[in-house]
Amino acid sequence: MSYGVDSQHKQYTDYLESWDFIDDFYRGEPRVKAKSTIYLPNPFALAEKKVADTEYAAFKERAPFLAITTRTTNAMTGLINRKPAVVELPSAIEYLIENFNGEGLNIQQHINRTVGEVTRLGRYGLMGELPESGGQSLADNMNGSMPYAIGYKAQDIINWSVDDKKLSLVVLREEVQVEDTATIFGYDNEYQYRVLIINDEGNYEQRLYESESNSEQAYIEIPVIVGGVQLKYIPFWFIGSQNNDEQVDEPPMLPITSANKTVYQYAADARNIAHQTSY
């Protein structure tokens, strides 16, 4: 069996469909209806294709959609965040309160985002990062470059490994924009893979793959140095709905979303019957 940087952990493959299912219904009617028969079977499928397609398009358009997943998630997130978090940090990293991710996201906004992800999918990830300088990640406070944190959705934490109860590998999928050289207006979205690994010397390093190739020449190696010393651990933390470890927790919104799909299908059938008998 061939493995590449895009290889997926078994728990990831077990839960990916559920995560995408919940996210589709959370994003609402346009997203769900764009998936057509994935969520709404075609009752005219046995008819001639042109008739089936025309009738199904009208059937789907008439179907009422209730945003149950969206409203439940937002309500639960609001309840959890009804009071601002009390944050106390050492003076050396107090700046994280106002700029948690290096791009101006304050820590309360980060908390709100994290609670939303965990409430919905039961999983989120947080990576400690340092500004890159000269091919290395450096903690360089002299020029104002400060450590920060980056959040990763469940779908983007594709693989991981634990040795002796410590993370030894995390593979993160990142979507990047690639310019279309044929025009100044176009671009494509592609994936790159950031590998956090404890190398053979026992030091933490990052490897950035710009493609799915597993070739040794396919990645850029980024040593991580703090105070002139390489880290001995991976600065990545899992946040779950039950436990903050590498094990995937059950998505809290899965039962609600399953009910949301059932209501959507029943409502579509009821509206169709009303339409057919209204002549």
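Counted the way my numbering counts, the sequence shown spans residues -18 to 260. Ideal Cβ placement from N, Cα and C applies to all residues, glycine included.
Rounded C-alpha distance that separates Lys242 from Tyr(-4): Taking the straight line from one Cα to the other gives about 18 Å.
**Asked** Just how far apart, CA to CA, sit Lys16 and Tyr245?
**Response** 13 Å
Residues sharing a beta bridge with Thr107, DSSP = A small fix is needed here, since residue 107 is Leu in this sequence, not Thr. Answer is Gly132, Trp218, bridged to Leu107.
**Message:** Quick check: Ala33 and Phe46, are their CB atoms within less than 7 Å of each other?
**Reply:** no
Taking Ile3 as the reference, which of Asn87, Pro11, Val210, Thr50 has the closest Cα?
Comparing Cα-Cα distances from Ile3 to each of Asn87, Pro11, Val210, Thr50, the minimum goes to Thr50.
query = Contact between the stretch 95 to 109 and the stretch 222 to 234: three or more CB pairs below 8 Å?
reply = yes
* Asked: Do Ile206 and Gln187 come within 7 Å of each other at the CB atom, strictly closer than that value?
  -> no
Q) Helix or strand or just coil, what does DSSP make of Ser239? A) helix
Put Lys147 into one of helix, strand or coil per three-state DSSP.
In this structure, Lys147 counts as strand in the three-state DSSP scheme.
Which residue comes first and which comes last in the beta strand (DSSP E) that contains Asp181? Taken as a continuous stretch (DSSP letters only), Asp181 belongs to no beta strand (DSSP E), as it is neither H nor E.
Beta-carbon proximity check, Gly97 vs Ala48, cutoff 7 Å:
no
*asked:* Quick check on this structure: which residue in Tyr20, Ala38, Thr53, Tyr(-16) has the alpha carbon closest to the alpha carbon of Asn253?
replied: Ala38
Q | Rounded C-alpha distance that separates Asn87 from Met127 | A | The straight-line gap from Cα to Cα measures roughly 15 Å.
Item to check | Closest by C-alpha distance to Leu107, when choosing among Asn82, Ile131, His91 | outcome: Ile131
Quiz item: What are the partner residues of Trp141, as DSSP defines its beta bridges?
Solution: Val151
Review point. On the premise that Val152 lies in contact with Glu171, defined as a C-beta separation below 8 Å, what is that separation, rounded to the nearest angstrom?
Key: That pair is no contact at about 16 Å.
For this session: Could you tell me whether the Cβ atoms of Ile78 and Val68 are closer together than 7 Å?
Result: Yes, they are a contact pair.
*asked:* If you reduce the DSSP assignment to three classes, tell me which class Glu202 lands in.
replied: strand
Every unbroken alpha helix (DSSP H) within the stretch 1 to 56, with a cutoff of 4 residues, ordered by chain:
Here the runs fully enclosed are 10 to 15, 30 to 43.
Point to revise | DSSP bridge partner residues for Arg188 (one or two, in chain order) | key: Val176, Glu202
*Return the chain-ordered list of same chain residues with a C-beta closer than 6 Å to the C-beta of Asn23, the five sequence neighbours on each side being excluded.*
Tyr37
- Task: Identify whether Tyr301 lies in helix, strand or coil by the three-state DSSP scheme.
- Result: Lying before the first or after the last residue shown, residue 301 is absent from the chain, which here runs from -18 to 260.
Notebook entry, point to check: Just the Cα atoms here: how many angstroms apart are Trp218 and Pro236?
Noted result: 26 Å
On the criterion of 16 or more Cβ atoms from any shown chain inside 10 Å, does Asn140 qualify as buried, or is it exposed? buried
**Helix, strand or coil at Glu227 according to DSSP, with G and I counted as helix** = Assigned with DSSP and collapsed to three states, Glu227 falls in coil, not helix or strand.
*Return the chain-ordered list of same chain residues with a C-beta closer than 6 Å to the C-beta of Val176, the five sequence neighbours on each side being excluded.*
Val152, Arg188
- Query: With distances taken between CB atoms, is the gap from Glu155 to Gln173 smaller than 7 Å?
  - Reply: Between Glu155 and Gln173, the C-beta gap is smaller than 7 Å, which places the two residues in contact.
Let's see if you can read the secondary structure: which residues bound the alpha helix (DSSP H) around Arg101? 88 to 102
### Message
Please report the distance separating the alpha-carbon of His256 from that of Arg94.
### Response
42 Å
Report task. Could you name the residues that DSSP lists as bridge partners for Val159? Result -> Asp169
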